[in-house]
Amino acid sequence: MQRHLLEDSFIQHGQAEWQCSVCYHENHPAKRECLMCGTPEVISTGVTTSLAADWKLLDRSFLLDESAESQAALAARNRSFHARRLNEMNLNQRQRDSLVHEREAVTAIDMEEFPRATNYIDFEAIAALPFRAKVRWFLRELGKVAVPWDEGHLLLKIRRDAVLSESMHLLMLVPAADLRQRLRIEFIDEPGLDAGGLMREWVLLLCEHLFEDSYGLFQRTHADQSGYWINPNSREVHRDHLHCFQFVGRLLAKCLLEGQLITVHLALPLLKHLLGVPISFSDLEFLDAELHRHALWLRENEGAEALALDFTAQRQAGDGTVVTEELKPGGKDIPVTDANKEEYLTLLLKHKMFDGVREQLEALLQGIYDVLPRTLLSVFDYQELELLLCGVPSIDVADWESHTDIRYLHADQGFKKPSTSERNVVQWFWDTIRAFSQEERARLLQFVTGTSRVPAEGFRALLSHDGRVRRFGLQLVPLGAPPTGLYPKAHTCFNRIDVPLYRSREELVTYLTLVINMEITGFTML
1 MQRHLLEDSF IQHGQAEWQC SVCYHENHPA KRECLMCGTP EVISTGVTTS
51 LAADWKLLDR SFLLDESAES QAALAARNRS FHARRLNEMN LNQRQRDSLV
101 HEREAVTAID MEEFPRATNY IDFEAIAALP FRAKVRWFLR ELGKVAVPWD
151 EGHLLLKIRR DAVLSESMHL LMLVPAADLR QRLRIEFIDE PGLDAGGLMR
201 EWVLLLCEHL FEDSYGLFQR THADQSGYWI NPNSREVHRD HLHCFQFVGR
251 LLAKCLLEGQ LITVHLALPL LKHLLGVPIS FSDLEFLDAE LHRHALWLRE
301 NEGAEALALD FTAQRQAGDG TVVTEELKPG GKDIPVTDAN KEEYLTLLLK
351 HKMFDGVREQ LEALLQGIYD VLPRTLLSVF DYQELELLLC GVPSIDVADW
401 ESHTDIRYLH ADQGFKKPST SERNVVQWFW DTIRAFSQEE RARLLQFVTG
451 TSRVPAEGFR ALLSHDGRVR RFGLQLVPLG APPTGLYPKA HTCFNRIDVP
501 LYRSREELVT YLTLVINMEI TGFTML
């Protein structure tokens with residue numbers, strides 16, 4: 001049975017998914033609560049919407065025949081439209097000016113077309129589908145891209161003690177068109193038939209080597225000690241570093257094609273680069289929290305001249321020396337002033353996020369596009385891509401709750417005990433998390449901390465941006481004016497979420513679910 005059919009195998013037994021009357025998510029028949037919003041199963045009153053006639057260039061084959069599927073798809077698309085409207089409302093002009101598009105990284109790449117898989121598809125409509133429906137579509141499209149086993153397959157015979165060097169050599173010899181063949185692994189002089197287990201072990205071993213600090217391709221970010229970003233000094237470690245990055249790209253794409261999970265997690269800005277999603281000023285916090293803090297102060301305060309800055313940036317080379325690089329021609333002779341500081345900050349962000357790792361990023365993307373068409377990944381957001389690459393982490397709510405610091409609003413005002421409304425909101429918060437699916441818990445954790453996984457030691461070992469232990473924090477705040485005052489806000493530097501004093505559990509569920517599923521720009525930029 002193919003992967004995209006496995007999820008729907010219950011249909012063969014005469015069962016059907018039920019549609020949530022609140023968010024229209026199609027849920028597995030065994031689930032008594034909605035996977036997306038936690039609403040109990042109810043009898044739908046019917047959906048009266050119909051498919052719009054002007055859905056152009058839409059390959060309807062990705063939609064199932066059931067009318068409820070079509071109705072849910074339209075409802076999800078409408079939700080996506082309203083979410084984009086909220087994004088526009090909350091994205092201020094300063095943030096708009098800071099957006100840096102990395103599309104120029106791929107314009108020079110001659111990407112092979114995959115006409116039978118991607119022609120005439122309305123990717124915006126697919127992007128509006130619920131995550132599970134998108135995954136179902138994605139797996140079907142992968143089935144079209146992948147070469148059937150009987151038409152050709154790849155076998156890599158490698159020695160365990162040379163797993164990285166031999167794997168890189170052999171996989172990079174394969175023509176791009178043949179990379180869509182199924183892959184099997186054989187360790188030389190070891191018994192065993194690869195039914196998937198050897199390939200999982202192969203991926204594990206490669207990840208351990210490729211992402212080692214000493215190997216020099218990637219480095220842990222200052223903001224997240226278990227998230228990886230491209231090492232701008234990789235050339236100093238490997239003369240053929242671009243060859244290595246292209247191999248990493250091929251490996252990531254093969255894992256998606258073969259259904260294998262990687263054992264490392266990429267930094268949030270790198271996930272955005274892989275998707276071609278705009279990089280914003282706030283994303284700098286996930287790479288260098290101290291630089292982000294200084295840049296934020298410069299942006300919001302006058303007196304830039306007193307800082308004696310110029311249009312240069314500094315980085316630490318592999319040997320520990322400090323290298324100064326100009327952000328624009330003649331930058332070392334251009335002082336930063338209040339009049340030109342926006343240009344300086346934009347160039348600084350562009351240098352940190354793109355120019356400083358341009359060649360490596362292009363090679364990494366080329367490796368991915370050697371295997372997969374870029375458009376297939378474009379339907380996912382960065383949270384969903386991490387779930388595809390790494391799987392849904394298992395999150396223990398009891399451990400989470402026992403290692404959370406709660407700050408009550410009234411306690412700051414001199415009251416010794418929290419009010420009834422505060423106790424209610426805290427109880428509703430944990431009840432909601434317990435009702436969440438693992439996917440939703442992971443999204444919430446990423447919304448607050450910038451990562452969707454928990455350290456091996458549990459929640460007690462959560463780290464802040466400076467690498468120190470900082471427990472998860474729940475801060476109660478007054479209910480503000482709509483629309484922004486109604487939503488929870490995240491402080492990723494401090495692993496803290498601000499939750500308004502909602503008047504009902506339903507209200508808390510509504511707004512908490514919205515921010516973790518819609519990724520509304522602005523609510524995590526604090």
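In terms of full-length UniProt numbering, the sequence shown is residues 1 to 526. Even glycine gets a Cβ: it sits at the ideal position worked out from N, Cα and C.
Q | Pick from Lys328, Gly227, Gly216 and Glu166 that is closest to Trp202, judged by C-alpha positions | A | Nearest C-alpha to Trp202 among Lys328, Gly227, Gly216 and Glu166: Glu166.
Q: Select from Ile406, Trp137, Pro175 and Leu129 the residue whose C-alpha is nearest the C-alpha of Asp370.
A: Just measuring C-alpha positions, the residue of Ile406, Trp137, Pro175 and Leu129 sitting nearest Asp370 is Pro175.
Q: Leaving aside the five residues before and after Val357 along the sequence, list all residues of the same chain whose C-beta is less than 6 Å from its C-beta, in chain order.
A: Hits under 6 Å: Ile230 and Pro232.
Q.
With DSSP as the reference, identify every bridge partner of Phe472, one or two as the case may be.
A. The secondary-structure analysis by DSSP pairs Phe472 across a beta bridge with Thr404.
Q) Rounded to the nearest angstrom, how far is the Cβ of Leu338 from that of Ala289, given a contact under 8 Å? A) The displayed chain sequence assigns Asp, not Leu, to residue 338. The pair is not a contact, with the Cβ atoms about 24 Å apart (cut-off 8 Å).
Q | Start-to-end residues for the alpha helix (DSSP H) that takes in Tyr369 | A | Taken as a continuous stretch (DSSP letters only), the alpha helix (DSSP H) holding Tyr369 covers Arg358 to Tyr369.
Q | Assigned exposure category for His153 - 16 Cβ within 10 Å defines buried | A | When all chains shown are included, His153 counts as exposed.
(Q) Check this for me: beta carbons of Leu387 and Ala442, under 8 Å apart or not? (A) Leu387 is a Cβ neighbour of Ala442, given a cutoff of 8 Å.
Q | For His294, three-class secondary structure by DSSP | A | Here His294 sits in helix by DSSP.
(Q) Report the CB separation of Glu475 from Arg407 in whole angstroms; it is logged as a contact under 8 Å. (A) Inspection of the sequence shows that residue 475 is occupied by Gln rather than by Glu. The pair is a contact, with the Cβ atoms about 5 Å apart (cut-off 8 Å).
Q: Spatial neighbours of Val277 within its chain, please: CB distance less than 6 Å, with the 5 preceding and 5 following residues excluded, ordered by chain position.
A: Excluding five sequence positions before and after Val277, none of the CB atoms of its chain fall closer than 6 Å to its own CB.
Q.
For Asp397 and Gln314, I'd like the C-alpha separation in whole angstroms.
A. The question names Asp, yet the displayed sequence has Val at residue 397. Cα to Cα, the separation comes out at about 42 Å.
Q) For Pro335, which of helix, strand or coil comes out of DSSP? A) In this structure, Pro335 counts as strand in the three-state DSSP scheme.
(Q) Quick check: does the Cβ of Gly450 come within less than 7 Å of any heavy atom belonging to the ligand SAM? (A) Inclusion of the ligand SAM in the displayed structure is not the case, the ligand content being empty and no account of it being possible.
**Q.** At least 3 beta-carbon pairs within less than 8 Å: the segment 281-288 vs the segment 343-363
**A.** Segments in contact, yes.
Q: Assign Leu139 to one of three DSSP states: helix, strand, or coil.
A: The three-state reading of DSSP puts Leu139 in helix, counting H, G and I together.
**Q.** Where Leu156 falls, given that 16 or more other Cβ within 10 Å makes a residue buried
**A.** Sixteen is the threshold: when 16 or more other Cβ atoms of the shown chains lie within 10 Å of the Cβ of Leu156, as they do, the residue is buried.
Q. Around the C-beta of Ser452, are 16 or more other C-beta atoms found within 10 angstroms, so that it is buried, or is it exposed?
A. With a 10 Å radius around the Cβ and a threshold of 16 neighbouring Cβ atoms, Ser452 comes out buried.
Q | Check whether Val248 and Gly391 have beta carbons under 8 Å apart | A | Not a contact, by the Cβ cut-off of 8 Å.
(Q) Going by DSSP in three states, Lys157 sits in which element: helix, strand or coil? (A) Here DSSP, grouped into helix, strand and coil, assigns Lys157 to strand.
Q: Apply the 10 Å Cβ neighbour rule to Leu173 and answer buried if 16 or more other Cβ atoms are within range, or exposed otherwise.
A: An exposed status is given to Leu173, since fewer than 16 other beta-carbon atoms sit within 10 Å of its beta-carbon.
Q.
What does the alpha-carbon distance come out to for the pair Trp400 and Ala125?
A. So the two alpha carbons sit approximately 36 Å from each other.
Q: Please report how far the alpha carbon of Glu141 lies from the alpha carbon of Gly227, in whole angstroms.
A: Glu141 and Gly227 have their alpha carbons spaced roughly 29 Å apart.
Q | Three-way DSSP call (helix, strand, coil) for Lys416 in this model | A | The three-state secondary structure of Lys416, taken from DSSP, is coil.
Q | Meets three-Cβ-pair contact criterion under 8 Å: the segment 327-335 and the segment 198-215 | A | No, they do not touch.
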